[in-house]
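Visitor: In terms of mature numbering (1 follows the signal peptide of the UniProt record, and there is no 0), the sequence shown is residues -29 to -1, 1 to 301.
Quick reminder that beta carbons are idealized off the backbone N, C-alpha and C, glycines included.
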Amino acid sequence: MRRRSSNIVAFSCMFFILALQAILPISSASLQYGFYDYDYKCKRTNVELLVRGVVAKAIRKDPGVGAGLIRMYFHDCFVRGCDASVLLDPTTANPTPEKTSGANFPSLRGFEVIDQAKAKLERRCPGVVSCADIVAFAARDAALFLGRISYPIPSGRLDGRVSLQSEVLQNLPAPFFSLSQNEAFFANKGMSPEEMVTLSGAHSIGRSHCSSFTNRLYPTEDPTIDRSFAGILKGVCPQNAAVDGVVPQDIVTPNRLSNQYYKNVKAHKVLFTTDQNLMSSSDTAAMVKENARNQTAWKAKFAAAMVKMGNLVELTGPPGEIRKNCRVVN
Ligand code: HEM
Ligand SMILES: *[C@@H]1O[C@H](CO)[C@@H](O)[C@H](O)[C@H]1NC(C)=O
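#1: Taking 7 angstroms as the line, does the beta carbon of residue 271 fall inside it for any heavy atom of ligand 3?
#2: Short of 7 angstroms in beta carbon distance, which residues of its chain neighbour residue 120, apart from the five on each side in sequence? Order them along the chain.
#3: How would the residue list near ligand 2 read, in chain order, if you kept each one whose beta-carbon is closer than 5 angstroms to any heavy atom?
#4: Could you check what DSSP says for residue 298 in three-state terms: helix, strand or coil?
#5: Starting from the C-beta of residue 219, find all residues in its chain whose C-beta is less than 6 angstroms away, skip the five residues before and the five after it, and write them out in chain order.
#6: Within its chain, find whatever has a CB closer than 7 angstroms to the CB of residue 263; leave out the 5 residues flanking it on each side and keep chain order.
#7: Taking the beta strand (DSSP E) that residue 179 belongs to, which residues open and close that run?
#8: DSSP on residue 292, reduced to helix/strand/coil?
#9: For residue 85, which option in 159, 70, 29, 183 has the closest C-alpha, if you only look at C-alpha atoms?
#10: May I have the straight-line CA-CA distance separating residue 44 from residue 63, to the nearest angstrom?
#11: How big is the Cα-Cα spacing for residue 97 and residue 291?
#12: Bridge partners of residue 3, per DSSP?
#13: Would you check whether ligand 1 has a heavy atom nearer than 7 angstroms to the C-beta of residue 161?
#14: Hey, would you say residue 303 sits closer than 8 angstroms to residue 165, going by beta carbons?
#15: Are the beta-carbon atoms belonging to residue 199 and residue 139 less than 8 angstroms from one another?
#16: If I follow the unbroken beta strand (DSSP E) through residue 219, where does it start and stop?
#17: Quick one: what's got a C-beta closer than 6 angstroms to residue 88's C-beta in the same chain, skipping five residues either side?
#18: When DSSP builds the beta bridges, which residues end up paired with residue 211?
#19: Taking DSSP as the reference, what is the three-state secondary structure of residue 262?
#20: Cβ of residue 38 within 7 angstroms of any heavy atom in ligand 1?
#21: Using the rule of at least 16 other Cβ atoms within 10 Å of the residue's Cβ for burial, across every protein chain shown, is residue 3 buried or exposed?
#22: Does at least one heavy atom of ligand 1 sit under 7 angstroms from the Cβ of residue 34?
#23: Give me the Cα-Cα distance between residue 276 and residue 15, rounded to the nearest whole angstrom.
#24: Whole angstroms are fine: how far does the CA of residue 56 sit from the CA of residue 175?
#25: How many Å lie between residue 297 and residue 209 at the Cα?
#26: Which runs of the alpha helix (DSSP H) at least 4 residues long sit entirely within the segment 24 to 79? Give them in chain order.
#27: In whole angstroms, what is the alpha-carbon distance linking residue 1 and residue 128?
#28: How is the alpha helix (DSSP H) around residue 170 delimited, first residue to last?
#29: Flag this pair as yes or no: are the beta carbons of residue 303 and residue 183 separated by less than 8 angstroms?
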């Protein structure tokens, strides 16, 4: 068990923590449920609730930001583990961090929400709450507000000091991948095909830029895309367009994190090759059909897979740190 508080923790308190650990499922060696509840400096602040308030306000203004936060968590955790490496801005010392990769720029959004939560937390209890945990909490809260999906998530992650553009495409699947390539990238992170199918349901919210799926429209139309749906997409995304347009992931309920995604997959009305490829083998196709049929079951699996993704932690001590500003290393 790692304790970050420099203050001496009373024995009785220790007992309480040990007792709590005995009854709560421990999913990772270094993460704990309610990690910040035990921090001396933060004891007057409900850290997770504070983040939730900031996320609620941001989503009320723009639900798309919630989609951005869920994607941010995925992009953070799949590259060097959940260590907020995706948040680091370019500097002279490191001009090409993860953020500058084509997988993140200019599409990744929600950074200001993390900044806002961090600023509030630094005023309450400076140097305690990691940016990596804020990202995990914010994604969890976005799933609550956009999907009524609610789950506790352990915390205690540390922020990394390394962020490399070159590592992004080595770790994140591309939208034109085959099913087996996509499965291999998830397997690389210890995630099963079923978890891959489950998490793809996040493509029921948010948007995509045309450039992420025009491979399916031009020069020849992908035979697995619904003809009328392709027609709509072509209208927003003309060939050789000067500007990269955007379309909603789910035209039925664009701001609802739901199993509508799986109905869209069945109807061939999804954007990416990887989305439609879920139908290309009988086992993943069966999962799609089950998720389309039973939203309750999908939501439970989604919550579990989000928690599991959050256990992709590679830093459990120095040089891991608690950043003061989520955009720069200390
Ligand atoms: C299975 C492999 C995946 C691929 C190939 C993929 C690819 C993409 C691409 C290309 C975009 C559009 C970016 C743009 O052009 O604006 C996107 C958007 C999105 N992805 Fe994925 N993704 C995958 C899995 C996931 C997972 C696991 C999650 C989270 C659990 C996720 C959440 C999202 C969300 C919420 C958006 C919308 C973002 C926004 O509106 O800002 N994706 N994805
Ligand atoms: C859907 O899944 C839930 C949870 O797994 C289960 O309790 C319920 O019976 C299922 N509903 C249907 C209609 O199969």
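Guide: Result, derived from the coordinates:
#1: Here the bound small molecules are ligand 1 and ligand 2; ligand 3 is not part of this structure.
#2: For residue 120, same chain residues with a beta-carbon under 7 angstroms away, outside a window of 5 residues either side, are 114, 228, 270, 273, 274 in chain order.
#3: Working through the chain, the matches are 265, 267, 268.
#4: It is coil, neither helix nor strand.
#5: So the qualifying residues of the chain are 178, 225.
#6: Listed in chain order, the non-local C-beta contacts of residue 263 below 7 angstroms within the same chain comprise 230, 233, 234, 237, local neighbours out to five positions each way being set aside.
#7: Run containing residue 179: 178 to 180, per the beta strand (DSSP E) assignment.
#8: Three-state DSSP puts residue 292 in a strand.
#9: For residue 85, the closest of 159, 70, 29, 183 by C-alpha to C-alpha distance is 29.
#10: If you draw a straight line from the Cα of residue 44 to the Cα of residue 63, it comes to about 26 angstroms.
#11: Going from the Cα of residue 97 to the Cα of residue 291 covers about 16 angstroms.
#12: Partner(s): 126.
#13: Residue 161 Cβ: outside cutoff for every heavy atom of ligand 1.
#14: The structure shown has nothing for residue 303, since the chain only spans -29 to 301.
#15: Going by beta carbons, residue 199 and residue 139 fall outside the 8 angstroms limit.
#16: Its beta strand (DSSP E) spans residues 217 to 219.
#17: Cβ neighbours of residue 88 beyond the five flanking positions: 22, 25, 105.
#18: Its beta-bridge partners do not exist; DSSP assigns none.
#19: When DSSP states are grouped into helix, strand and coil, residue 262 belongs to the helix group.
#20: Checking every heavy atom of ligand 1 against the Cβ of residue 38, one is found closer than 7 angstroms.
#21: Using a 10 angstroms sphere on the CB of residue 3, the tally of other CB atoms reaches 16 or more, which defines it as buried.
#22: No.
#23: Cα to Cα, residue 276 sits roughly 31 angstroms from residue 15.
#24: C-alpha separation (whole angstroms): 26 angstroms.
#25: Those two C-alpha atoms are separated by around 38 angstroms.
#26: You should have 34 to 48.
#27: Rounded to whole angstroms, residue 1 to residue 128 spans 8 angstroms at the Cα level.
#28: Segment 164 to 171, the alpha helix (DSSP H) holding residue 170.
#29: Since the first and last residues shown for the chain are -29 and 301, residue 303 lies out of range.
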